Amino acid sequence: MVDLEVERRFFGIRLDTALSEVLTHTQFIRGPEVQKFAQELGQYLGGISVIPCANGTDALQLALMALDLKPGDAVMVPAFTYVATAEVAALLKLEVRWVDVSLEHFNLLPEALEQAWSPRVKAIVPVHLFGQSAPMKEIMEFAQTKGIAVIEDAAQALGTDYIFSTRESKKVGTIGDIGCTSFFPSKNLGCYGDGGAVFTASSERAARIARIANHGQDTLYEFTEVGINSRLDTLQAAILRLKLPYLDEFNSRRRAAADLYDSQFQNIPQLQTPVRVPWSTHIFHQYTLRVLDGRRDQLRAYLAERGIPAMVYYPKPLHLQPAYYNPDYPEGSFPNAERLSREVLSLPMHPFLSESQLSYITETVRRFFR
Ligand SMILES: *Cc1c(COP(=O)(O)O)cnc(C)c1O
56 MVDLEVERRF FGIRLDTALS EVLTHTQFIR GPEVQKFAQE LGQYLGGISV IPCANGTDAL
116 QLALMALDLK PGDAVMVPAF TYVATAEVAA LLKLEVRWVD VSLEHFNLLP EALEQAWSPR
176 VKAIVPVHLF GQSAPMKEIM EFAQTKGIAV IEDAAQALGT DYIFSTRESK KVGTIGDIGC
236 TSFFPSKNLG CYGDGGAVFT ASSERAARIA RIANHGQDTL YEFTEVGINS RLDTLQAAIL
296 RLKLPYLDEF NSRRRAAADL YDSQFQNIPQ LQTPVRVPWS THIFHQYTLR VLDGRRDQLR
356 AYLAERGIPA MVYYPKPLHL QPAYYNPDYP EGSFPNAERL SREVLSLPMH PFLSESQLSY
416 ITETVRRFFR
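Shown next as structure tokens:
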């Protein structure tokens with residue numbers, strides 16, 4: 056699905072240099088690269104505070120902890136996403152209220168927000184799934200009307216622009232109260248291990264989040280609140296500093312690969328190619344098709360037999376997962392999420408797909424439907 060070996064060759068000796076600088080100064084924890092990377096990413100995002108942490112799941116946990124939610128408070132989460140979003144809410148003893156998603160863009164369905172609402176809800180966590188922004192105007196208006204916080208999960212959308220009706224744009228993760236991302240190796244900006252970050256426009260909130268990520272420690276051995284231990288390694292920060300200047304270029308290479316997929320699949324009525332919404336750019340963390348004729352699993356097996364990996368993100372919506380099952384939300388509660396889990400198939404997608412790889416993949420998919 057991704058090719059980290061070609062990427063490694065692309066960066067070549069520059070990676071070795073970046074790593075050996077850290078090996079020389081030996082500040083493996085809180086080394087200078089960590090703060091430098093945080094500043095550079097903050098600038099890239101339009102001038103915002105960035106708090107690096109250990110992974111994207113921790114970023115979401117830190118964001119929720121910084122809102123001072125109490126056990127029993129509720130958060131609204133899409134039913135069709137990666138589990139991390141719901142997991143941290145459950146760990147903090149918050150009630151999860153699922154929201155159905157759009158069959159078109161896979162993100163939160165604005166019409167479904169009101170139905171998921173309860174007076175216990177204190178926050179909503181839109182996820183910018185597969186690289187495209189959730190409908191933030193509707194979500195922000197809903198949150199403002201209800202007086203709740205918005206935490207954006209931008210783990211799959213670092214570099215995506217949300218486009219306002221005025222044509223102005225903002226990077227996703229910087230629109231709500233707090234943004235979160237992950238630097239897992241396969242993410243659009245990935246390191247070579249685990250990493251994550253939290254974004255906020257408020258410097259006070261940034262200081263608070265940094266404190267929570269550091270055991271709730273205010274000054275040395277002075278613990279003002281219960282925190283966690285969540286840090287980005289210096290070695291990972293050094294890799295991320297090298298890769299950040301290439302993020303936009305890599306994202307546009309993904310877009311070019313997606314354009315090619317689109318053009319090759321447009322005449323296959325059994326396939327729905329990814330819908331590109333007018334309010335967002337698309338950085339194609341995943342290129343996700345809907346297979347409309349019920350043969351998704353056959354297509355996947357057919358591709359696998361011919362050496363092409365294809366993945367199902369995600370095969371079961373969260374409200375039907377045993378760990379999160381709540382009898383208030385039986386099967387049928389979120390029909391779009393359930394339908395997508397049966398229809399979606401993601402094809403290989405990364406910045407280094409060659410023309411011959413792309414034509415082999417598209418030809419094989421076309422042959423399946425002939
Ligand atoms: C990857 C991902 C996360 C979690 O990131 P980790 O770094 O693996 O903890 C959270 N949310 C979404 C939507 C993701 O894709």
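Residues in the sequence shown are numbered consecutively from 56, following the working numbering. All C-beta atoms, glycine included, are put in the ideal place defined by N, C-alpha and C. Values in this document were obtained by computation on a predicted structure and should not be read as measured data.
At least one heavy atom of ligand 1 sits closer than 8 Å to the Cβ of Ala210. As the crow flies, the alpha-carbon of Ile194 is around 19 Å from that of Asp128. Checking the DSSP bridge columns, you'll see Ala178 partnered with Val130, Ala204. Runs of alpha helix (DSSP H) with 4 or more residues, each lying fully within the region 118-166, are found at 139-146, listed in chain order.
Contact between the region 209-221 and the region 167-187 is established, with three or more Cβ pairs separated by less than 8 Å. For Tyr379, the CB stays at least 8 Å from every heavy atom of ligand 1.
Taking non-hydrogen atoms of ligand 1 into account, the C-beta of Val205 is found less than 8 Å away from none of them. Assignment of Val332 by DSSP, reduced to helix, strand and coil, places it in the coil class.
Ranked by how close their Cα comes to the Cα of Leu295, the residues Ala171, Ser224, Lys91 have Lys91 in first place. Assignment of beta-bridge partners to Ile233 by DSSP yields Ile206. When secondary structure is reduced to three states using DSSP, Met195 falls in the helix class. Set against 8 Å, the gap from the CB of Asp216 to the closest heavy atom of ligand 1 is not smaller. Under DSSP, the beta-bridge partners assigned to Arg345 are Gln327, Val399. No heavy atom of ligand 1 is found nearer than 8 Å to the CB of Leu373. Residue nearest to Pro370 within the set Ile363, Arg355, Glu360, Asp383 is Arg355 (criterion: CA-CA distance). By the Cβ criterion, the region 116-130 is in contact with the region 252-269, since at least three pairs of Cβ atoms, one from each stretch, lie closer than 8 Å.
Following the DSSP letters along the chain, one finds Gly97 inside the alpha helix (DSSP H) bounded by residues 87-99. If you ignore the 5 residues before and after Asn391, its C-beta comes within less than 6 Å of the C-beta of Asp155, Val156, Leu158, all in its own chain and listed in chain order. Across the set Asp58, Gln341, Phe423, Gln327, the C-alpha of Phe423 shows the shortest separation from the C-alpha of Arg361.
For the 9 Å CB-CB criterion, Asn243 and Asn306 form a contact.
For Ser411, the three-state secondary structure derived from DSSP is helix. Distance from the C-beta of Thr140 to the nearest heavy atom of ligand 1 is below 8 Å. Note that the region 313-325 does not touch the region 105-115; fewer than 3 beta-carbon pairs, one per stretch, sit closer than 8 Å. The bridge partners DSSP lists for Gly251 are Cys108, Ser237.
Between the region 378-391 and the region 399-408 there are fewer than three C-beta pairs closer than 8 Å, too few to call the two in contact. Per DSSP, reduced to three states, the secondary structure at Ser257 is coil, with no helix or strand assignment. Selection Arg351, Pro406, Gly234, Pro133 evaluated against Gln341 yields Pro406 as nearest (Cα-Cα). Within 8 Å of the C-beta of Gly231 there is not a single heavy atom belonging to ligand 1. Taking a contact as a CB-CB distance under 8 Å, the pair His160 and Gln187 counts as one, their CB atoms being some 6 Å apart. In the three-state reduction of the DSSP assignment, Thr289 falls in the helix class, which pools H, G and I. Taking a contact as a CB-CB distance under 8 Å, the pair Trp153 and Ala171 counts as one, their CB atoms being some 7 Å apart.
Lys226 and Leu163 have their C-alpha atoms some 18 Å from each other.
Secondary-structure assignment with DSSP links Thr72 through no beta bridge to anything.
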